[in-house]
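Remarks on the structure that follows.
Protein chains: 2
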Amino acid sequence: MPSKPSDVTMDAVYTKPGYLFRRMQQIAVSIFIEECREFDLTPVQYAALVAIRTHTGIDATRLSAVIAFDRSTLGSVIERLEAKGYVERKPSTDDKRVKLLYLTKAGAILLRNIMPFVDRAQARMLAPLKPADRKTLTALLSQLVDLNNEVSRVPLRAEDALEHLGKTG
Amino acid sequence: MPSKPSDVTMDAVYTKPGYLFRRMQQIAVSIFIEECREFDLTPVQYAALVAIRTHTGIDATRLSAVIAFDRSTLGSVIERLEAKGYVERKPSTDDKRVKLLYLTKAGAILLRNIMPFVDRAQARMLAPLKPADRKTLTALLSQLVDLNNEVSRVPLRAEDALEHLGKTG
DNA sequence: TATTGATTGACAGTATACTGTCAAATTGAT
DNA sequence: ATCAATTTGACAGTATACTGTCAATCAATA
């Protein structure tokens with residue numbers, strides 16, 4: 234085996250965090266879909282449902298801040314959840330531009346039922362690591378995501394969600 | 234501040250690895266695009282270019298295995314790289330189904346020029362962490378991606394790329 | 001009150017990322 | 001040599017994810 238000049242290896246990709254993040258995201262989604270197959274729900278749809286349950290009567294813009302999810306895409310996600318009967322969109326009386334989001338009974342039931350499957354999926358993602366390493370990785374990732382929050386187009390603004398509580402639907 | 238029942242928090246999302254992976258991928262892409270703005274190249278396009286340089290004359294299927302990238306999507310990625318003049322697709326004489334991939338001169342130059350910007354992007358992703366933590370995170374992620382390799386639809390098969398060397402273009 | 005500026009949801013456009021299908025071509029077994 | 005199974009690239013369809021634009025609406029202010 235001849236030795237290779239640096240030009241001929243893939244190190245410029247494989248060892249880099251960007252590649253590892255993309256790969257891990259790919260794997261995480263794959264595991265989620267597999268474990269939750271019978272529910273036909275994507276990770277993002279799941280996150281949206283949890284957020285709508287947590288913040289009943291939230292509007293789409295605030296929801297996008299709460300799950301750090303692009304507003305342009307969120308519309309179609311909500312559409313799909315509405316089509317499946319898990320979410321209702323009601324116009325606000327306060328602000329005619331706004332449509333407020335509510336979980337339907339079916340949505341609430343689905344969320345309760347899917348929880349254990351989601352938990353199993355989350356566990357599987359980290360399963361290959363030793364328990365101590367799982368904690369370390371999760372802690373470091375949490376830090377990193379938090380410290381890099383402002384970088385992405387849609388920074389997480391968890392506190393935004395509380396505002397809607399002061400207003401009438 | 235009243236205490237909340239577990240139903241009313243977002244813990245079912247925020248603290249979970251799946252959410253952290255998605256968020257981190259989002260941030261990583263954002264940083265990459267920003268740092269490499271003047272080159273108009275996406276992370277995946279970059280990875281494809283590096284792989285084609287590393288494995289001159291590789292075909293699309295093997296390329297997808299080398300960067301763990303879905304074959305269905307790879308077609309359009311290559312199309313865009315071809316349109317930009319960074320890649321050439323030549324039919325194989327051995328196998329009439331196959332189209333072999335080559336970096337153009339412009340592609341090689343681009344790759345050389347973009348390298349420092351990619352490095353800066355990669356560094357920025359981990360910058361908020363202490364140096365020791367960066368190493369720890371990268372090491373754990375590498376392990377996890379490797380150990381979960383088979384889970385995703387397109388497992389990384391770095392060794393696949395070597396096969397084309399034994400054949401004539 | 002009239003106007004300016006900001007917000008909201010919708011949309012068009014591009015780029016991943018996956019599932020599944022298909023025809024053409026190749027390979028392997030008989 | 002022929003037929004079956006596989007491989008390859010292409011495509012259709014769905015679902016994120018981003019940039020940018022737009023009209024309707026609302027809020028702030030002159």
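Taken in order, these protein sequences are the chains called A and B.
In terms of the working numbering, the first sequence has 325 at position 92, counting the first letter as 1, and numbering is strictly consecutive.
In terms of the working numbering, the second sequence has 302 at position 69, counting the first letter as 1, and numbering is strictly consecutive.
Virtual Cβ for every residue (Gly too), placed ideally from N, Cα, C.
(1) Report the option in B:LYS332, B:LYS368, B:ARG295 whose CA atom is closest to the CA atom of B:ALA356.
(2) At the level of alpha carbons, what is the spacing between B:ILE311 and B:ALA293?
(3) Could you tell me whether any Cβ in chain A is nearer than 8 angstroms to the Cβ of B:THR369?
(4) Can you grab the Cα-Cα spacing for the pair A:GLN258 / B:LYS249, in whole Å?
(5) Quick one: measure Cβ to Cβ for A:SER385 and B:SER263, integer angstroms, because I've assumed they're closer than 8 angstroms.
(6) Tell me, please, whether the region 262–282 of chain B touches the region 267–283 of chain A by the rule of three or more beta-carbon pairs shorter than 8 angstroms.
(7) Assign A:PRO324 to one of three DSSP states: helix, strand, or coil.
(8) For B:ILE342, count the other beta carbons within 10 Å of its own beta carbon; 16 or more makes it buried, fewer makes it exposed. Which is it?
(9) Could you tell me whether the Cβ atoms of B:LEU282 and B:LEU336 are closer together than 8 angstroms?
(10) Against chain A, with Cβ distances strictly below 8 angstroms, would B:GLY251 count as a contact?
(11) Kindly indicate if chain B contains any beta-carbon less than 8 angstroms away from that of A:ASN381.
(12) Nearest by alpha-carbon distance to A:PRO361: which of B:ARG353, B:GLY308, B:LEU380 is it?
(13) How would you call A:ARG256, buried or exposed, if buried means at least 16 neighbouring beta carbons within 10 angstroms?
(14) B:ILE285 to B:LEU314, Cα distance in whole Å?
(15) At a Cβ cut of 8 angstroms, what residues of the region 328–348 of chain A count as close to chain B, listed as they run along the chain?
(16) Tell whether a beta-carbon distance below 8 angstroms holds between A:LEU253 and B:SER375.
(17) Distance check for A:ILE300 and A:ARG353, CA to CA, integer angstroms please.
(18) DSSP puts B:ASP292 in a beta bridge; with which residues?
(19) At least one CB of chain A closer than 8 angstroms to the CB of B:LEU359: is that the case?
(20) What does the Cβ neighbour count give for A:GLY318, buried or exposed, with the cut at 16 atoms within 10 Å?
(21) Among the candidates A:THR242, A:ILE260, A:ALA245, whose CA atom is the shortest distance from the CA of B:VAL378?
(22) Restricting to Cα atoms, I'd like to know which of A:ASP244, A:GLY251, A:ALA245, A:SER297 is closest to A:ALA391.
(23) Buried or exposed, going by whether 16 or more other CB atoms sit within 10 Å of the CB of A:ALA245?
(24) How is B:ILE264 classed by DSSP in three states: helix, strand or coil?
(25) For B:ARG330, count neighbouring C-beta atoms within 10 Å of its own C-beta (all shown protein chains included) and say buried if the count is 16 or more, exposed if not.
(26) If you draw a straight line from the C-alpha of B:GLU383 to the C-alpha of A:GLY340, how long is it?
(27) Please state whether the Cβ-Cβ distance between A:LEU370 and B:LEU370 is less than 8 angstroms.
(28) Let's see if you can read the secondary structure: which residues bound the alpha helix (DSSP H) around B:ASN346?
(29) Please list the partners that B:LEU373 has in chain A, where partner means a Cβ-to-Cβ separation under 8 angstroms.
(30) Do you know offhand how far B:VAL387's Cα is from A:TYR247's?
(31) Alpha carbon to alpha carbon, what distance is there between B:PRO324 and A:PHE272?
(32) Counting only beta-carbon atoms, is A:SER305 nearer than 8 angstroms to chain B?
(33) Under 8 angstroms between C-beta atoms, does B:ALA298 make it to chain A?
From the atom records:
(1) Locating residue 356 of chain B in the second sequence gives position 123, where the first residue counts as 1. Comparing Cα-Cα distances from B:ALA356 to each of B:LYS332, B:LYS368, B:ARG295, the minimum goes to B:LYS368.
(2) In the second sequence, the residue the question calls residue 311 of chain B occupies position 78. In the second sequence, the residue the question calls residue 293 of chain B occupies position 60. Cα-Cα distance, rounded: 8 angstroms.
(3) Taking the second sequence and counting its residues from 1, one reaches residue 369 of chain B at position 136. Judged by the 8 angstroms Cβ criterion, B:THR369 is in contact with chain A.
(4) Position 25 of the first sequence holds residue 258 of chain A. Position 16 of the second sequence holds residue 249 of chain B. Answer to the nearest angstrom: the Cα atoms are 13 angstroms apart.
(5) In the first sequence, the residue the question calls residue 385 of chain A occupies position 152. In the second sequence, the residue the question calls residue 263 of chain B occupies position 30. That belief holds up - the Cβ atoms of A:SER385 and B:SER263 are roughly 5 angstroms apart, short of 8 angstroms.
(6) no
(7) Stepping through the first sequence from its first residue, residue 324 of chain A is reached at position 91. Reduced to three states, the DSSP call for A:PRO324 is strand.
(8) By one-based count along the second sequence, residue 342 of chain B stands at place 109. B:ILE342 comes out exposed.
(9) For the purposes of this step, residue 282 of chain B is taken as the residue at position 49 of the second sequence. For the purposes of this step, residue 336 of chain B is taken as the residue at position 103 of the second sequence. Cβ atoms of B:LEU282 and B:LEU336: closer than 8 angstroms.
(10) In the second sequence, the residue the question calls residue 251 of chain B occupies position 18. Closer than 8 angstroms: yes.
(11) Position 148 of the first sequence holds residue 381 of chain A. Yes, contact with chain B.
(12) Residue mapping note: residue 361 of chain A aligns to position 128 of the first sequence, counting from 1. For the residues B:ARG353, B:GLY308, B:LEU380, the minimum Cα distance to A:PRO361 belongs to B:LEU380.
(13) Here the question's residue 256 of chain A lines up with position 23 in the first sequence. Burial call: buried.
(14) Here residue 285 of chain B refers to the residue found at position 52 of the second sequence. Here residue 314 of chain B refers to the residue found at position 81 of the second sequence. Distance between the alpha carbons of B:ILE285 and B:LEU314 is about 11 angstroms.
(15) MET348
(16) Locating residue 253 of chain A in the first sequence gives position 20, where the first residue counts as 1. Locating residue 375 of chain B in the second sequence gives position 142, where the first residue counts as 1. Closer than 8 angstroms, so yes.
(17) Start at 1 with the first residue of the first sequence, and residue 353 of chain A comes out as number 120. Start at 1 with the first residue of the first sequence, and residue 300 of chain A comes out as number 67. For A:ARG353 and A:ILE300, the distance between alpha carbons rounds to 21 angstroms.
(18) Here residue 292 of chain B corresponds to residue number 59 of the second sequence, with the count starting at 1. B:ASP292 pairs with B:LEU333.
(19) Here residue 359 of chain B corresponds to residue number 126 of the second sequence, with the count starting at 1. Judged by the 8 angstroms Cβ criterion, B:LEU359 is in contact with chain A.
(20) Position 85 of the first sequence, counted from the start, is the residue given in the question as residue 318 of chain A. So A:GLY318 ends up on the exposed side.
(21) Here residue 378 of chain B corresponds to residue number 145 of the second sequence, with the count starting at 1. Of the listed residues, the one whose Cα sits closest to B:VAL378 is A:ILE260.
(22) Here the question's residue 391 of chain A lines up with position 158 in the first sequence. Here the closest residue by C-alpha is A:SER297.
(23) As a working note, residue 245 of chain A is residue 12 in the first sequence. So A:ALA245 counts as buried.
(24) Reading the second sequence from its first residue, position 31 is the one you call residue 264 of chain B. Reduced to three states, the DSSP call for B:ILE264 is helix.
(25) The residue given as residue 330 of chain B occupies position 97 in the second sequence. It is exposed - the Cβ of B:ARG330 has fewer than 16 other Cβ atoms within 10 Å.
(26) By one-based count along the second sequence, residue 383 of chain B stands at place 150. By one-based count along the first sequence, residue 340 of chain A stands at place 107. If I take the Cα positions, the gap works out to 33 angstroms.
(27) Position 137 of the first sequence, counting from 1, holds the residue named residue 370 of chain A. Position 137 of the second sequence, counting from 1, holds the residue named residue 370 of chain B. Going by C-beta atoms, A:LEU370 is nearer than 8 angstroms to B:LEU370.
(28) On the second sequence, residue 346 of chain B is found 113 positions in, with the first residue counted as 1. Looking at the DSSP string, the run of the alpha helix (DSSP H) that includes B:ASN346 is 338–359.
(29) As a working mapping, residue 373 of chain B is identified with position 140 in the second sequence. Those within 8 angstroms of B:LEU373 in chain A are LEU362, ASP366, THR369, LEU370, LEU373.
(30) Numbered from its first residue, the second sequence carries residue 387 of chain B at position 154. Numbered from its first residue, the first sequence carries residue 247 of chain A at position 14. Those two C-alpha atoms are separated by around 15 angstroms.
(31) Counting from 1 along the first sequence, the entry for residue 272 of chain A is found at position 39. Counting from 1 along the second sequence, the entry for residue 324 of chain B is found at position 91. One C-alpha to the other measures close to 44 angstroms.
(32) Walking along the first sequence from the start, residue 305 of chain A turns up at place 72. Not an interface residue.
(33) Working through the second sequence from its first residue, we reach residue 298 of chain B at position 65. It does not; no Cβ of chain A falls within 8 angstroms.
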